[in-house]
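Residue numbers for the sequence shown follow my numbering, so the first one is 79 and each next one is one higher.
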Amino acid sequence: MKKKIALLCMMLICVLTTWSQTRSVKGKVTDDAGLPLNGVNIHLKGTQVLTQTNAAGEFTIQVPATGKHELEVSYSGYSSSSVSADGDNLQVKLVKNVSSLDDVVVVGYSTAKRRDLTGTVSSISGAQLEKIPVSSAAEAITGRLPGVQVTTTDGAPGAEIVIRIRGGGSVTQDNSPLYIVDGFPVNSINDIPPSDIASIDILKDAATAAIYGARGANGVVIITTKKPKAGQTTVSYNGYGQARTLPKKLKVLSPYEFVLAQYEYAKLRNQTEVDNFTKYFGAYDDLELYKYQKGTNWQDKLFGDPAYSQQHSISVSGGTVKTKMSLSVTNNTDDGLLAGSGYMRNYLNLKISHDISDKIKLDFASRFIHTVVNGAGSSGSSSFRISDAVTTRPVNGIADQIQLDPTGPDDDYEQFLKSQINPQQLVAQDYRKLVNKALNMNAGVSWLVLSNLTYRSEFGLDFGFGQSRRYYGPLTGESRNVGGNLPLGEITNSNTNGFRWTNTATYSLKNGGKHNLSVLGGQEVILT
C-alpha cells in the first residue's frame with residue numbers, strides 16, 4: 079500500500095497540466111474567383127501570433143478566449159483585409175490590388191514590372207522595414223512574405239537566422255537561398271540594417287530564379303540598399319530603443335515538492351539511494367521543514383533582468399543632377415536576456431553616382447560592417463541549455479544550512495555541491511566572443527550604346543575577417559571531456575576574399591505600348 083501511495087505522489091508531482099485561455103479559430107481564404115490561396119499571412123492584431131494558409135487556403139490560429147480581436151489577412155498582389163476573430167469558421171475573400179501590378183521589382187540582373195512576370199516574386203519596401211524595431215533584415219521579413227519561413231537557431235542576439243523559401247528542397251544538402259546585396263552574393267543578410275534597405279525582392283520559383291542557375295535552386299533573396307538622390311543635401315535620423323523581459327515563466331517545484339519527489343524516486347530505486355538522500359537532504363520526518371525554506375527560481379536568476387537594445391542611424395544624401403552621393407552610418411547594441419550575452423554592430427554604406435555624359439554613367443558603392451557577438455548562447459557547442467533554467471534544483475539540501483570551510487579539505491557536502499552545477503556559474507565559464515569585419519566595394523559603368531541597347535560592366539571586391547575567442551571553465555562539458563577538468567581556451571581566425579566581374583547587355587524594344595520585348599545577355603566571373 080505504501081508503494082502505491084509513493085507511486086501516486088510521484089505521478090502527481092511529475093505530471094504537468096496545461097491550462098489554456100485561448101481558443102482555435104479556423105477559416106479559409108480565397109480570391110475573387112473562389113480559388114484557394116496558399117501561403118496567405120494571418121496575423122492576430124496587437125500580438126506576435128501569426129500563421130499561414132495551406133494549399134487548400136485553410137488556416138487555424140489561436141486567439142484569446144475573451145474579448146474582441148481582429149485578424150489581418152495579407153497576401154502579395156492582393157489588398158489586405160481585416161476580419162473579426164469572433165466567428166468559428168471564417169470565409170475571407172481577397173481582392174487583387176491592380177496598382178501593385180505596376181510595381182517594379184528586381185529580377186536577376188535587371189528590373190521588371192510585376193504584371194510582366196510569369197513567376198512568383200514577393201517584395202517588401204524599405205518604408206515598411208523602417209517601422210520595424212529589429213536589427214537585421216532577416217528579422218524584419220519574419221511573417222511578412224508569403225511562402226518565406228524565417229526561424230532562429232537560438233534566442234541570443236546575433237544568433238544564426240535560417241530562411242527557407244517554400245520549404246526545404248533537399249534532405250541532406252543545404253537548403254539556404256542565394257543572397258544578393260546590391261548585385262554581390264553574400265553568405266548572410268543578418269548584418270544589413272533595415273533602415274538602409276530600399277527593397278527586398280524574393281524570387282521563389284524556377285521562372286524567376288533561372289538566371290542564377292543551380293545557385294538559385296532554393297530561391298533568391300535580392301536586397302537593394304538606398305541609392306543617392308539629387309537635390310538639396312538632406313540629413314535624416316532613424317532610431318529606436320526598447321526593453322525586453324521574459325514574457326512568461328514556467329511553474330517549477332517548490333523546495334518541499336522537490337525534496338519529496340527526490341525521496342520518492344530514491345524509494346523506488348533501492349535502500350542505498352534512500353540513505354544517500356537522507357545524508358544530503360535529511361530524514362523523511364523532517365522534510366516538512368522545506369516548506370518554510372525559500373528556493374531558487376533559476377528563471378529569475380538567468381532571465382530576470384530586462385534586456386535593452388537600441389539603434390541609431392544617420393544618413394546624408396544629396397548632390398546635383400550629374401553627381402549624387404549618399405552616406406549612412408548605423409550603430410546597433412542589443413543586450414541578451416541571458417547574462418553575458420550581447421550584440422554590437424557598426425555599419426557604413428557609401429554610394430556615389432556620376433553621369434559622365436548622357437550615355438555613360440559611373441557608380442561606386444562601398445559597405446563596411448563590424449560586428450561583435452558576446453556569449454556562447456544555448457545551442458551548438460554551448461554547455462548551457464535553456465532547459466537548465468527549469469530543471470536545476472531549487473535547494474541544495476543540508477549543504478545550504480551548514481558553514482563550509484573553503485580552505486579546508488573537501489568533505490562530502492562540498493563534493494555534493496560540486497556535482498550540482500550552478501547554471502549561472504556555467505554561463506560565466508562558457509565564454510565566447512565573435513568579431514567579424516567585412517568590406518565590400520563595387521564599381522560599375524553603364525553605356526547607352528543605342529537608344530534601346532545598354533551595356534553595363536561591374537567589378538567588385540569583398541574582404542572579410544573573423545575571430546572567435548572561446549574559453550571553457552572547469553564546469554563545462556568540454557573541459558571535463560577534453561581537458562581533464564582543466565580550463566581550455568582557443569582562438570580561431572578566418573579570412574575571406576571575393577572577386578566579381580559582370581558584363582551584361584540589355585536590348586529593349588517597345589511598340590506603341592502594346593508589345594514589349596527585353597533580351598538580356600552577359601557573363602559573370604565570381605571567385606571566392
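Built from N, CA and C at the ideal position, the CB exists for glycine as well. Source: prediction; values computed, not measured.
Supposed contact pair residue j and residue i - C-beta distance, whole angstroms, cut 8 Å
i      : j      : result
Met403 : Pro306 : 5 Å
Ala285 : Gly197 : 3 Å
Ser572 : Asn563 : Incorrect: roughly 30 Å between the Cβ atoms, too far for contact.
Tyr156 : Lys174 : 6 Å
Ala454 : Tyr533 : With a Cβ gap of about 51 Å, Ala454 and Tyr533 do not count as contacting.
Pro255 : Ile241 : 6 Å
Glu150 : Ser158 : 6 Å
Lys146 : Asp166 : Going by Cβ atoms, the distance from Lys146 to Asp166 rounds to 15 Å, so no, they are not a contact pair.
Ile243 : Ile280 : 6 Å
Three-state class that DSSP yields for residue i in the structure shown
i      : result
Leu564 : coil
Asp378 : helix
Glu556 : helix
Arg547 : strand
Val337 : helix
Ile91  : At Ile91, the pLDDT of 36 sits below 50, so the modelled position is not reliable; the number obtained from the coordinates is stated separately. Helix, per DSSP.
Ser273 : helix
Asn354 : helix
Thr198 : coil
Glu217 : helix
Ser188 : strand
Leu115 : coil
Glu342 : helix
Thr606 : coil
Arg322 : strand
Gly360 : coil
Arg222 : coil
Pro583 : The residue you asked about is not Pro; residue 583 is Ala in the sequence shown. Ala583: strand per DSSP, three-state reduction.
Gly576 : strand
Gly538 : strand
Gly600 : strand
Met519 : strand
Length of the line joining the Cα atoms of residue i and residue j
i      : j      : result
Thr311 : Ser395 : 6 Å
Ser393 : Ile120 : 35 Å
Asp412 : Asn452 : 10 Å
Asn268 : Asn409 : 14 Å
Ser177 : Ser203 : Residue confidence is low: Ser177 scores 48 on pLDDT, short of 50, so the model does not pin down where it sits. Its coordinate-derived value is still stated next. Spanning the two alpha carbons is a distance of roughly 15 Å.
Leu528 : Lys439 : 14 Å
Pro271 : Asn265 : 15 Å
Leu168 : Lys327 : 33 Å
Ile275 : Leu566 : 42 Å
His432 : Gly397 : 10 Å
Leu405 : Thr374 : 51 Å
Gln130 : Asn116 : 8 Å
Pro325 : Gln503 : 24 Å
Ile569 : Val513 : 11 Å
Asp353 : Asp466 : 27 Å
Ile300 : Asp436 : 29 Å
Asn559 : Ser459 : 13 Å
Asp109 : Val118 : 11 Å
Gly414 : Ile499 : 22 Å
Phe442 : His593 : 34 Å
Trp525 : Val259 : 22 Å
Ser505 : Ala133 : A quick correction: the sequence has Val, not Ser, at residue 505. Answer to the nearest angstrom: the Cα atoms are 44 Å apart.
Thr554 : Ser461 : 6 Å
Leu595 : Arg463 : 57 Å
Ala308 : Gly522 : 19 Å
Val399 : Val603 : 32 Å
Gln388 : Leu531 : 47 Å
Arg222 : Thr303 : 19 Å
The ligand ZN heavy atom lying under 8 Å from the CB of residue i
i      : result
Gly117 : The ligand content of the structure shown is nil, which means the ligand ZN is not present either.
Practice problem: Taking only runs that begin and end inside the stretch 127-182, name each unbroken beta strand (DSSP E) of 3 or more residues, in chain order. | Solution: Correct list: 128-130, 136-142, 148-152, 159-162, 167-171.
Quiz item: Does the stretch 214-229 come within contact of the stretch 312-320, defined as at least 3 CB pairs closer than 8 Å?
Solution: Here the stretch 214-229 does not lie against the stretch 312-320, with fewer than 3 beta-carbon pairs under 8 Å apart.
Self-check item: Secondary structure, alpha helix (DSSP H): runs of 4+ residues fully inside the stretch 362-429
Solution: Segments of the alpha helix (DSSP H) lying fully in the stretch 362-429: 376-381.
Quiz item: For the 8 Å Cβ check, are there 3 or more pairs between the stretch 498-516 and the stretch 536-554?
Solution: Cβ pair count under 8 Å is three or more, so yes.
Quiz item: Per the contact definition of three or more C-beta pairs closer than 8 Å, is the stretch 420-434 in contact with the stretch 373-382?
Solution: Touching, no, given that fewer than three Cβ pairs across the two stretches are closer than 8 Å.
Quiz item: With contact counted as at least three CB pairs below 8 Å, one residue from each stretch, are the stretch 442-449 and the stretch 353-368 in contact?
Solution: Taking 8 Å as the limit for Cβ pairs, the verdict is that the stretch 353-368 does not touch the stretch 442-449.
Exercise. Run through the stretch 442-484 for me and flag every whole alpha helix (DSSP H) of 4 or more residues, listed as ranges in chain order.
Key: The stretch 442-484 contains, as complete alpha helix (DSSP H) runs of 4+ residues, the segments 466-469 (chain order).
Quiz item: Any contact of the stretch 207-217 with the stretch 233-244, i.e. 3+ C-beta pairs under 8 Å?
Solution: Two segments are said to touch when three or more pairs of C-beta atoms, one from each, lie closer than 8 Å; by this definition the stretch 207-217 touches the stretch 233-244.
Quiz item: Counting pairs of beta carbons, one from the stretch 458-478 and one from the stretch 326-340, are three or more of them closer than 8 Å?
Solution: The stretch 458-478 vs the stretch 326-340: in contact.
Quiz item: Taking contact to mean at least 3 C-beta pairs separated by less than 8 Å, is the stretch 571-590 in contact with the stretch 536-544?
Solution: The count of Cβ pairs closer than 8 Å, one atom from the stretch 571-590 and one from the stretch 536-544, reaches three, so the stretches are in contact.
Quiz item: Quick one: any contact between the stretch 102-113 and the stretch 135-152, if contact means 3 or more CB pairs under 8 Å?
Solution: Yes, since at least three Cβ pairs between the stretch 102-113 and the stretch 135-152 fall closer than 8 Å, the two stretches touch.
Quiz prompt | Minimum length 3: unbroken beta strand (DSSP E) runs contained in the stretch 230-306 | solution = Restricting attention to beta strand (DSSP E) runs no shorter than 3 residues, the stretch 230-306 encloses them at 239-243, 256-259, 262-264, 275-281, 298-303, ordered along the chain.
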